[in-house]
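At position 57 of the sequence shown the residue is numbered 57 (the working numbering), and the sequence of numbers has no breaks.
Each residue gets a CB set at the ideal place from its N, CA and C atoms; glycine is no exception.
Below you'll find the structure, written out as structure tokens, and then a few comments.
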Amino acid sequence: MIIHAPNIALFVVSGCLAMIGVLASLPIELPIPGIHDNAAWYIFLGWFLLAGGCVLQPSQQQAVVSSQQ
């Protein structure tokens, strides 16, 4: 299996989702309603997006630009 580097925006979004899930599982109050009950799903969604971004191939145009640098 060939693994590619994920898009930087996808990396940031998945990191934010995982961090929200970790913070929601801690015994602190977050001002976002409904987060505490679904903390594990936010962590899983962050992992799933990051894993999907690593497995999918980058577009052909992005591959050409990176090979020219």
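For G15, the enclosing alpha helix (DSSP H) begins and ends at 8 to 25. Taking 9 Å as the cut-off, the beta carbon of G15 is found no closer than this to the beta carbon of F44.
The DSSP-derived three-state label of I3 is coil. Here P27 is exposed, its C-beta having fewer than 16 other C-beta atoms within 10 Å.
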